[in-house]
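In our numbering, the protein residues as written are 6 to 490.
Below: the structure, in structure tokens.
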């Protein structure tokens with residue numbers, strides 16, 4: 006990991022990789038995504054001189070065991086790479102060089118880079134250019150010399166990936182050139198080992214480099230809206246290993262998604278206990294009811310491994326015409342209930358190093374007319390998920406949020422009538438993705454479940470949006486649905 010920058014362009018006194026974005030230093034986000042890759046065995050951090058202790062403080066709790074060395078970087082990008090090469094052993098291996106200030110790198114790009122190294126000895130990551138690229142005159146830089154062919158142009162990103170021997174050979178030859186100058190490592194390989202073809206892996210727009218002040222703001226917003234596809238499919242044996250003997254608590258589990266979560270959890274050997282207004286008289290907006298539910302679970306099983314909250318209410322209509330009763334109930338059920346559940350169950354999840362799973366809606370990204378109470382609460386739930394994931398990381402408690410599209414549930418049918426066949430996802434598909442998240446090591450993720458994803462059997466396909474019910478909390482005389490969210 007190349008972290009030798011000083012942050013001069015963002016106008017701060019600390020290196021830009023130590024700026025906090027979405028609750029963590031940028032470099033910690035980047036370390037975390039590399040740590041999470043099954044294809045990466047060892048991480049060496051090349052840090053700006055004078056700031057190594059800040060990285061060591063991040064590593065001290067032990068959450069990133071793949072980091073084996075924290076070393077000083079050089080005065081330039083290439084000098085930092087040379088120091089990294091000196092720190093590596095002589096044994097041949099794959100080397101990925103990644104900018105510490107690209108904290109939004111996806112696992113897909115990492116996977117593709119490693120796969121490409123099975124065929125090529127050098128690999129770059131790049132994306133097409135949407136802009137026309139011009140070449141200006143060298144003396145003044147003020148007039149156009151050429152307009153380059155955009156279809157052939159790409160914008161370089163990282164990781165840049167190599168067989169160790171190839172990268173070492175290129176730098177050894179570059180050291181013999183008194184005019185050597187380059188801004189990245191693929192340039193070094195291209196110039197000094199021209200016999201080695203460099204493959205190009207498609208990067209992503211979101212794999213941005215935090216360089217300018219506005220980039221800090223943009224990266225923070227991208228983290229805020231961050232969503233992940235469902236976890237990779239697991240075998241029945243893997244699900245049973247993750248869930249057998251565990252206790253899963255589901256609020257809003259009388260039918261719909263919550264009921265399907267209970268059914269699947271029990272299939273894989275978990276003890277699933279469900280609480281809802283209709284089945285157990287549990288009002289999720291009442292803290293006392295949450296405490297009573299927790300006590301009942303502990304009395305029955307002695308432990309809590311996972312807590313899932315699928316209860317919610319959907320008041321529809323303009324805010325100006327909404328009653329005070331509805332405003333309080335909607336806010337208490339959709340937002341305060343997850344807070345109460347989190348507070349009450351946290352010490353027990355800490356004891357088992359378990360997880361909390363909440364639900365949001367696609368409306369969290371932008372408030373919708375006639376859904377102001379609902380969409381604003383769902384945005385708050387996303388923020389709560391990300392904040393608790395950071396707060397509880399040291400306790401080993403994972404916190405995630407599922408974001409499904411519209412889902413076929415009995416209450417949705419009653420509220421909206423029959424809808425075109427194939428236009429809705431099944432509640433069982435949402436539940437399967439939910440179970441996949443519970444069995445995963447993820448934390449702090451907003452997990453999209455879309456109808457155009459993988460089939461339900463592969464744990465990729467359910468979605469929920471406004472009007473997908475799971476419980477039956479009333480909203481007086483006003484029309485409402487309790488969502489499987």
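Beta carbons: idealized from backbone N, C-alpha and C, even for Gly.
Chain B contact for residue i (CB, 8 Å cutoff)
i, result
"residue 56", "Here chain B cannot be found, since the structure has a single protein chain."
Nearest to residue i (by Cα), restricted to the options the options
i, options, result
"residue 450", "151, 229, 191, 87", "229"
"residue 283", "358, 256, 305", "256"
"residue 306", "126, 276, 333", "276"
"residue 134", "147, 145, 162, 355", "162"
"residue 355", "404, 374, 319", "404"
"residue 95", "67, 65, 172, 113", "172"
"residue 444", "111, 274, 44", "274"
"residue 346", "375, 272, 289", "289"
"residue 7", "131, 189, 180, 397", "189"
"residue 556", "218, 75, 181, 303", "Any property of residue 556 remains undetermined from this structure, which presents the chain solely from 6 to 490."
"residue 157", "178, 149, 132", "132"
"residue 111", "208, 23, 281, 57", "208"
"residue 64", "253, 225, 263, 399", "399"
"residue 395", "25, 11, 10", "25"
"residue 434", "367, 316, 263, 106", "263"
"residue 265", "44, 129, 432", "432"
Cβ-Cβ separation, residue j to residue i (assumed contact under 8 Å), whole Å
i, j, result
"residue 169", "residue 93", "6 Å"
"residue 166", "residue 101", "5 Å"
"residue 108", "residue 31", "5 Å"
"residue 364", "residue 309", "Between residue 309 and residue 364 the Cβ distance is about 19 Å, and since that is not below 8 Å, they are no contact."
"residue 496", "residue 324", "With the chain covering only 6 through 490, there is no way to say anything about residue 496."
"residue 271", "residue 201", "Not really, about 55 Å apart at Cβ, beyond 8 Å."
"residue 267", "residue 285", "Not confirmed; about 13 Å, so no contact."
"residue 517", "residue 338", "In the structure as shown, the chain starts at 6 and stops at 490, and residue 517 therefore has no counterpart that could be examined."
Boundaries of the alpha helix (DSSP H) in which residue i is found, first to last residue
i, result
"residue 345", "342-357"
"residue 405", "Per DSSP, residue 405 belongs to no alpha helix (DSSP H); it is in the beta strand (DSSP E), 403-409."
"residue 61", "57-64"
"residue 267", "261-272"
"residue 440", "432-444"
"residue 241", "241-248"
"residue 90", "82-92"
"residue 34", "31-40"
Whole-angstrom distance between residue j and residue i, CA atom to CA atom
i, j, result
"residue 203", "residue 138", "22 Å"
"residue 141", "residue 160", "18 Å"
"residue 388", "residue 369", "10 Å"
"residue 191", "residue 18", "31 Å"
"residue 461", "residue 436", "The pLDDT assigned to residue 461 is 30, lower than 50, so where the model puts this residue is not dependable, and the model offers no usable value."
"residue 71", "residue 144", "48 Å"
"residue 463", "residue 184", "Low per-residue confidence applies at residue 463: pLDDT is 29, beneath 50, and the placement is therefore not dependable enough to give any value."
"residue 327", "residue 340", "18 Å"
"residue 59", "residue 220", "22 Å"
"residue 104", "residue 119", "17 Å"
"residue 210", "residue 410", "24 Å"
"residue 38", "residue 27", "14 Å"
"residue 5", "residue 342", "Residue 5 cannot be examined here, being either before or after the span of the chain that is shown, 6 to 490."
"residue 493", "residue 198", "The structure shown does not extend to residue 493, since the chain is modelled only from 6 to 490, so the question has no answer here."
"residue 178", "residue 57", "30 Å"
"residue 61", "residue 75", "8 Å"
"residue 358", "residue 312", "12 Å"
"residue 426", "residue 376", "25 Å"
"residue 243", "residue 439", "15 Å"
"residue 493", "residue 40", "Any answer about residue 493 is impossible in this case: the structure gives the chain only from 6 up to 490."
"residue 366", "residue 106", "30 Å"
"residue 412", "residue 406", "16 Å"
Exposure label - residue i; buried when at least 16 CB within 10 Å
i, result
"residue 380", "buried"
"residue 361", "buried"
"residue 46", "exposed"
"residue 152", "exposed"
"residue 29", "buried"
"residue 21", "buried"
"residue 259", "buried"
"residue 73", "exposed"
"residue 251", "buried"
"residue 23", "buried"
"residue 176", "buried"
"residue 468", "Interpretation of residue 468 is limited by its pLDDT of 26, a score under 50 that renders its predicted location unreliable; the figure taken from the coordinates is listed afterwards. The residue is buried, with at least 16 neighbouring Cβ atoms inside 10 Å."
"residue 222", "exposed"
"residue 84", "exposed"
"residue 182", "exposed"
"residue 441", "buried"
Unbroken beta strand (DSSP E) run spanning residue i, endpoints
i, result
"residue 139", "139-141"
"residue 98", "Residue 98 -> no beta strand (DSSP E), and no H or E assigned at all."
"residue 203", "203-207"
"residue 361", "360-364"
"residue 314", "311-314"
"residue 48", "48-52"
Closer than 7 Å: residue i CB and nearest the ligand MN heavy atom
i, result
"residue 212", "Among the components modelled here there is no ligand, and therefore nothing to report on the ligand MN."
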